[in-house]
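The structure appears right after this line, and notes come after that.
In my numbering, the protein residues as written are 42 to 603.
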């Protein structure tokens, strides 16, 4: 069937969809010399309003690739492409590509930042380059990106040449050649949403890139550029391969078959088990799971953990090799009450060579989760507890004796109340790209940052106590932190605001009625960032704050497993 594959310019199957395109402003910038006279691989100056950016220019017959230098960014992008628009059809096509990518992003799919640009009175489509920053800007964790090329034959590779499991390459080839989609390797929901959205703008558009989500371990669709190799099909056959039932060695179906429960009150799991989607995993008061011999639970179904006072559900590892519980629940909800979770590593240690990344001991991805009256302790992972793309509520939680970060929330919205973070090897609470309210909580002996917000987060902390920690309240990378009636005691640094990543910007802290006592440095605020203390803006600033942090003078180096 490969001989049916034809390469199309999108224009060939472009619909008349002017009504779908939003009004899109055309911006402009210029170079030191005419763009037509710039040589391939030349270093030149780019001018945008009053800003000068040194860039390296690479030219192909299809597009111009531009790499910003010296830490600079254009529209917060380090690398981007320019596609020349030579006529009104090209311009209308570009507008559809822009609107399509905006729709993808607003529907929690991967959208490529795209906009119209004018250079020397000629229109171009501006698109950010495929890579790590694109993935992170879509609230995803860095992962492998697959590229599909169809010329005389079909080729599926990765953008960085990673050594990847053949099953993913083969599943992409199967989809293209035989029009069958294996939902064990593709995110079926995202793929269907992608196709439905594409039909607003194009007769038939298929992804030409795929992102391997390192948490869900499923392929997610991306469209990049203005030309793509496609099949004429619209709707492939979606099928499910046979599912492993190894988990039934330890669990059994409930009477209604909609949930699974443990077969034994005290269960030892000596291997890695996977629980499929479509169930509810129920753990009852007083039950114990002992994960030994690097055992772990990876579940695509939500959990209900129903411990009680004096009869907590316990998850431990008697031989100190357990690799935790990881819940990939998409839009489902988990409820956890009275859980005692201890002595675990992450699943990342043994999965890293196949590009699945679960660097926490306890993971929840997607949906909603409530965790109450629970203890997490003696965890030797990069993050003790990691929530990703969740709505969450944590109350009466204690996390103590962690090797690295205690609580990490990526692209989440949630609440923490009456929680304790004790003896943490790196950060206490660290959020990225999210929203968090934290109140009436305690931080003691935190080796790096007690409360940290990054990547354009909004955080409100009230009536918390931070004591004997390296740094108290931190805001970075366009984040805004409100600090109200908190106590900062015996810390190296009370408040710190700065820019860490080039694609973001300065940060802000608004402090009201806080108490700061016996801190070596009350404030470390970078130029352009700000601290407002009881209505008064702090006027003491420091250049390059990052040069003092992460173990260089204050705090501790961030630990990442390789």
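The C-beta atom is built at its ideal place from N, Cα and C for all residues, glycine as well.
Quick check on residue 576: buried or exposed, where buried means 16 or more other Cβ atoms within 10 Å of its Cβ? As a first step, residue 576 is located in the chain shown; it is residue number 535 there, counting from the start. Exposed, by the Cβ-count rule.
Distance between residue 285 and residue 300 (C-alpha atoms, nearest Å): Position 259 of the chain shown, counted from the start, is the residue given in the question as residue 300. Position 244 of the chain shown, counted from the start, is the residue given in the question as residue 285. Each residue's alpha carbon lies about 16 Å from the other.
Skipping 5 residues on each side, what residues in its chain have a beta carbon closer than 8 Å to that of residue 278? Taking the first residue of the chain shown as 1, we reach residue 278 at position 237. Non-local C-beta neighbours of residue 278 in its own chain, meaning closer than 8 Å and more than five positions away in sequence, comprise 220, 221, 222, ordered along the chain.
Under the rule that 16 or more other beta-carbon atoms within 10 Å means buried, what is residue 237, buried or exposed? Within the chain shown, the letter at position 196 stands for residue 237. Exposed: under 16 other Cβ atoms inside 10 Å.
Along the alpha helix (DSSP H) that carries residue 471, what are the first and last residues, could you check? Along the chain shown, one-based indexing puts residue 471 at 430. From DSSP, residue 471 is part of no alpha helix (DSSP H) but of the beta strand (DSSP E) over 470-473.
Grouping DSSP H, G and I as helix and E and B as strand, with all else coil, what is residue 355? Residue mapping note: residue 355 aligns to position 314 of the chain shown, counting from 1. Here residue 355 sits in strand by DSSP.
May I ask you to report which of helix, strand or coil DSSP gives residue 340? To locate residue 340, count along the chain shown from 1; it is residue 299. Three-state result, residue 340: strand.
Distance, residue 494 Cα to residue 480 Cα: Residue mapping note: residue 480 aligns to position 439 of the chain shown, counting from 1. Residue mapping note: residue 494 aligns to position 453 of the chain shown, counting from 1. If you take the alpha carbons of residue 480 and residue 494, they lie about 15 Å apart.
Report the option in 509, 295, 78, 142 whose CA atom is closest to the CA atom of residue 240. Within the chain shown, numbered from 1, the residue matching residue 240 stands at position 199. Closest by alpha carbon: 142.
By the three-class DSSP mapping on this structure, what secondary structure does residue 229 have? Looking up residue 229 in the chain shown gives position 188. Looking at residue 229 - three-state DSSP - the assignment turns out to be helix.
Quick check on DSSP: helix, strand or coil for residue 488? For the purposes of this step, residue 488 is taken as residue 447 along the chain shown, with counting starting at 1. The answer is coil: DSSP assigns residue 488 none of H, G, I, E or B.
Beta-carbon spacing of residue 167, residue 226 below 9 Å: The count along the chain shown starts at 1 and reaches residue 167 at position 126. The count along the chain shown starts at 1 and reaches residue 226 at position 185. No. Outside cutoff.
Between the Cα of residue 489 and those of 259, 447, 321, spot the shortest distance and give me the residue it belongs to. As a first step, residue 489 must be located in the chain shown, where it is residue number 448. Of all alpha-carbon atoms in 259, 447, 321, the one lying nearest the alpha-carbon of residue 489 is that of 447.
Report the option in 77, 550, 536 whose CA atom is closest to the CA atom of residue 162. Numbered from its first residue, the chain shown carries residue 162 at position 121. Scanning 77, 550, 536 for the CA closest to the CA of residue 162 turns up 77.
What is the rounded straight-line gap between the Cα of residue 370 and the Cα of residue 289? Taking the first residue of the chain shown as 1, we reach residue 370 at position 329. Taking the first residue of the chain shown as 1, we reach residue 289 at position 248. Inter-residue distance for residue 370 and residue 289 is about 19 Å (C-alpha atoms, whole angstroms).
What residue does the alpha helix (DSSP H) around residue 514 start on, and which one ends it? Counted from its first residue, the chain shown places residue 514 at position 473. Where residue 514 is concerned, there is no enclosing alpha helix (DSSP H), although the beta strand (DSSP E) it sits in stretches over 512-517.
Give me, in chain order, the residues of the same chain whose beta-carbon lies closer than 7 Å to that of residue 155; leave out the 5 immediate sequence neighbours on both sides. As a first step, residue 155 must be located in the chain shown, where it is residue number 114. Closer than 7 Å at Cβ, skipping near neighbours: 138, 139, 142, 166, 167, 168.
For residue 214, which residues of its own chain have a beta-carbon under 7 Å away from its beta-carbon, when the five flanking residues on both sides are left out? In the chain shown, the residue the question calls residue 214 occupies position 173. Result list for residue 214: 195, 197, in chain order.
Presumed contact (8 Å Cβ cut-off) between residue 374 and residue 348, rounded CB distance: Your numbering for residue 374 matches position 333 in the chain shown. Your numbering for residue 348 matches position 307 in the chain shown. Actually they do not touch by this definition, with Cβ atoms about 18 Å apart.
CA nearest to the CA of residue 583, picked from 160, 566, 190, 191: Translated into positions along the chain shown, residue 583 becomes position 542. Of 160, 566, 190, 191, the residue nearest in Cα terms is 566.
Exposure of residue 367, with buried meaning 16 or more beta-carbon neighbours within 10 Å: As a position in the chain shown, residue 367 is number 326, starting the count at 1. Buried, since its Cβ has 16 or more Cβ neighbours within 10 Å.
Rounded to the nearest angstrom, what separates residue 432 and residue 423 at their Cα positions? Indexing the chain shown from 1 puts residue 432 at position 391. Indexing the chain shown from 1 puts residue 423 at position 382. The alpha-carbon atoms of residue 432 and residue 423 are separated by roughly 22 Å.
On a Cα-Cα basis, can you pick out the residue from 224, 427, 387 that is closest to residue 317? For the purposes of this step, residue 317 is taken as residue 276 along the chain shown, with counting starting at 1. Out of 224, 427, 387, the CA that lies nearest to the CA of residue 317 is found in 224.
For residue 97, which residues of its own chain have a beta-carbon under 6 Å away from its beta-carbon, when the five flanking residues on both sides are left out? What you label residue 97 is simply residue 56 of the chain shown in a count that begins at 1. For residue 97, where only same-chain residues beyond five positions count, the Cβ hits under 6 Å are 84, 108.
Burial state of residue 492, where buried means 16 or more other Cβ atoms lie within 10 Å: Counting from 1 along the chain shown, the entry for residue 492 is found at position 451. Counting C-beta atoms within 10 angstroms of its own C-beta, residue 492 has 16 or more neighbours from the protein chains shown and is therefore classed as buried.
Of the choices 598, 329, 326, 450, whose alpha-carbon is the least far from that of residue 472? For the purposes of this step, residue 472 is identified with residue 431 of the chain shown, where counting begins at 1. Looking at the Cα atoms, 450 is the closest of the given residues.
With distances taken between CB atoms, is the gap from residue 564 to residue 574 smaller than 9 Å? Working through the chain shown from its first residue, we reach residue 564 at position 523. Working through the chain shown from its first residue, we reach residue 574 at position 533. Yes, Cβ-Cβ distance for residue 564 and residue 574 is below 9 Å.
What three-state label does DSSP hand residue 50 in the structure shown? Taking the first residue of the chain shown as 1, we reach residue 50 at position 9. Its pLDDT being 39, under 50, residue 50 is placed unreliably by the model, and the measurement read from it follows with that caveat. It is a strand residue.
With a cut-off of 9 Å, does the C-beta of residue 129 fall near any C-beta of chain B? The chain inventory of the structure shown lacks chain B, comprising one protein chain alone.
Per DSSP, what kind of secondary structure is residue 236 in: helix, strand or coil? What you label residue 236 is simply residue 195 of the chain shown in a count that begins at 1. In the three-state DSSP reduction, residue 236 falls in the helix class (H, G or I).
Nearest CA to the CA of residue 175: which residue from 381, 252, 123, 412? Locating residue 175 in the chain shown gives position 134, counting from the first residue. The shortest Cα separation from residue 175 among 381, 252, 123, 412 belongs to 252.
Nearest by alpha-carbon distance to residue 87: which of 70, 103, 102 is it? In the chain shown, the residue the question calls residue 87 occupies position 46. Selected option, being the one with the closest Cα: 70.
So residue 219 is in the alpha helix (DSSP H); what residue range does that whole segment cover? For this step, residue 219 is matched to residue 178 along the chain shown. For residue 219, the enclosing alpha helix (DSSP H) begins and ends at 207-219.
Alpha carbons only, please: which of 311, 339, 303 is nearest the one belonging to residue 329? Taking the chain shown and counting its residues from 1, one reaches residue 329 at position 288. With distances taken between Cα atoms, residue 329 lies closest to 303.
Using C-beta distances below 6 Å, list every residue in its chain close to residue 122, excluding the 5 sequence neighbours before and after it, in chain order. The count along the chain shown starts at 1 and reaches residue 122 at position 81. Scanning its chain for C-beta atoms nearer than 6 Å, with the 5 sequence neighbours on each side dropped, one finds around residue 122 the residues 104, 106, 168, in chain order.
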